[in-house]
Amino acid sequence: MAGLRRRQLGASGPEVSIIGLGAMGMSDLYGPADEAESVATLHAAIDAGVNLIDTADFYGSGHNEMLIGRVLRERRRDEVVLSVKFGARRTPDGGFQAAPYDVSAAAVKDRLAYSLRRLGTDHIDIYRPSRLNPQVPIEETVGALLEMREAGYIRHIGLSEMGADTIRRAAAVAPISDLQIEYSLLSRGPEATILPTLRELGIGLTAYGVLSRGLLSGHWSAGRELTGTDFRANSPRFQGEHLAANLRLVDALGRVAQRLGATTSQVAIAWVAAQGEQIVPLVGARRRDRLTESLAAVDVVLDRDAVDEIERAVPAGAASGTRYATPMMSLLDSEK
Numbered sequence: 001m002a003g004l005r006r007r008q009l010g011a012s013g014p015e016v017s018i019i020g021l022g023a024m025g026m027s028d029l030y031g032p033a034d035e036a037e038s039v040a041t042l043h044a045a046i047d048a049g050v051n052l053i054d055t056a057d058f059y060g061s062g063h064n065e066m067l068i069g070r071v072l073r074e075r076r077r078d079e080v081v082l083s084v085k086f087g088a089r090r091t092p093d094g095g096f097q098a099a100p101y102d103v104s105a106a107a108v109k110d111r112l113a114y115s116l117r118r119l120g121t122d123h124i125d126i127y128r129p130s131r132l133n134p135q136v137p138i139e140e141t142v143g144a145l146l147e148m149r150e151a152g153y154i155r156h157i158g159l160s161e162m163g164a165d166t167i168r169r170a171a172a173v174a175p176i177s178d179l180q181i182e183y184s185l186l187s188r189g190p191e192a193t194i195l196p197t198l199r200e201l202g203i204g205l206t207a208y209g210v211l212s213r214g215l216l217s218g219h220w221s222a223g224r225e226l227t228g229t230d231f232r233a234n235s236p237r238f239q240g241e242h243l244a245a246n247l248r249l250v251d252a253l254g255r256v257a258q259r260l261g262a263t264t265s266q267v268a269i270a271w272v273a274a275q276g277e278q279i280v281p282l283v284g285a286r287r288r289d290r291l292t293e294s295l296a297a298v299d300v301v302l303d304r305d306a307v308d309e310i311e312r313a314v315p316a317g318a319a320s321g322t323r324y325a326t327p328m329m330s331l332l333d334s335e336k
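To convert, note that position 90 of the sequence shown is 90 in our numbering; the numbers rise steadily by one, no gaps.
Next up, the structure:
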């Protein structure tokens, strides 16, 4: 694991660690987090060679950026490739405002200004709209991002949860470093049209949800109680018979992992990383012990027989329940 291997994030993107760290859960949506442990985990990730850290201005309504900014003040800026999303809007009680997402040209510049201040940096390495707003042409959003790149405020332009047609339109305006999208053994939708499009255009993929929000970690139990502030309390895959069916898949994966001398989560992460050199898994570790476990996935070698065994345990399309509730699924350009 020492040093972590690097991958080029698309033809135009930066060189990043083979595994990145998604920081959302340190501030939001997965229940309470320990801030001191979060800071320690961020430092431990950078010390281990993780240079890709992913956040969004709406994670904790700015808290996540300020948390990362606190860590950046104690590091060299060139140790970190910052990936930041914008577009979702929050309410004072911690909720989300109804779509559409705020991804206009004016919003690009306004949200970027706040992110730079909260992070305490003069540039963001990859800046991306979090979702598509059908009322705002992607060309307008990417055009504004290109202007900010030319001004030096961002280094690369990324996308998130966009379908193949939108990706093509965006790439016609400016080089795109990567698409961020949920991709895991339980979420294989990108394989149909999105992954082939990315490969054709030389665009990377940063995969979030590689452990399917914790389902594939091997640490989830059917009796675990979720608070109202935990996103998973309203996620179909964590409810009733859906959860029971998904945990049976996880048990099967766990038996494969045991034969491979690895943990369930390590095999799930290694499988994503093995799907192509342009793919970089993001792990959402909030604690140092979980980070250590996740990063050890780079030592799991999957030959063709192992991949086949994994996919027999968790076949494509076997997940029970959608990855978001129906109203949110309807807003995803990547699902259309």
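Virtual Cβ for every residue (Gly too), placed ideally from N, Cα, C. Remember, predicted model here, so these are calculated numbers, not experimental data.
- Taking C-beta atoms under 8 Å as the contact rule, V300 and L243 fail to qualify, at a distance of about 26 Å.
- Contact between G10 and Q278 holds, since their C-beta atoms are separated by about 6 Å, short of 8 Å.
- Beta-bridge analysis with DSSP links Q180 to S160, T206.
- When the five nearest sequence neighbours on each side are left out, the beta carbons in the same chain lying within less than 8 Å of the beta carbon of V280 are those of R7, L9, V16, S17, I18, I19, G20, L52, D178, G204, L205, T206, A207, A273, in order along the chain.
- The Cβ atoms of Y183 and P175 do not sit closer than 7 Å to each other.
- The Cβ atoms of P100 and N133 lie closer than 7 Å to each other.
- Counting other Cβ atoms within 10 Å of its Cβ, T91 stays below 16 and is therefore classed as exposed.
- Secondary structure note for R213: it is in no beta strand (DSSP E), with a DSSP letter that is neither H nor E.
- By the Cβ rule, the stretch 120-132 counts as touching the stretch 64-78, because three or more pairs are nearer than 8 Å.
- For the 7 Å CB-CB criterion, V71 and V50 do not form a contact.
- Of the residues L198, R155, G152, D125, the one whose Cα lies closest to the Cα of E161 is L198.
- The closest CA to that of P129, considering only S294, A88, D165, Y153, is found on A88.
- In the structure shown, F96 falls within a strand segment according to DSSP collapsed to helix, strand and coil.
- Annotated three-state conformation of R7 is strand, per DSSP.
- Per the C-alpha coordinates, the member of F86, D47, A48 positioned closest to F58 is F86.
- Counting other Cβ atoms within 10 Å of its Cβ, G317 stays below 16 and is therefore classed as exposed.
- A Cβ-Cβ contact shorter than 7 Å links P14 with V81.
- Under the Cβ criterion (8 Å, minimum of three pairs), the stretch 246-266 counts as touching the stretch 308-324.
- Taking the Cα positions, D333 is about 5 Å away from G163.
- Pairing S187 with R323 gives a Cβ-Cβ distance under 7 Å.
- Approximately 6 Å separates the beta-carbon atoms of T264 and L253; this is inside 8 Å, confirming the contact.
- A Cβ-Cβ contact shorter than 7 Å links D54 with G22.
- For the pair G214 and N234, the Cα-to-Cα distance works out to about 14 Å.
- For T55, the enclosing beta strand (DSSP E) stretches over residues 52-56.
- Per DSSP, reduced to three states, the secondary structure at P175 is coil, with no helix or strand assignment.
- Restricting attention to S221, T193, D230, the CA atom closest to the CA of G95 is found in D230.
- Taking the Cβ atoms as the reference, I167 lies roughly 16 Å from Y127, outside the contact range of under 8 Å.
- Across the structure, P236 and A151 are spaced so that their CA atoms are roughly 43 Å apart.
- DSSP links R128 through a beta bridge to K85.
- Here DSSP, grouped into helix, strand and coil, assigns I194 to helix.
- Non-local C-beta neighbours of G143 in its own chain, meaning closer than 8 Å and more than five positions away in sequence, comprise A105, V173, A174, ordered along the chain.
- A296 is not a Cβ neighbour of L211, given a cutoff of 7 Å.
- At least 7 Å separates the beta-carbon of T41 from that of R224.
- Beta bridge pairing from DSSP links L21 with I53, V283.
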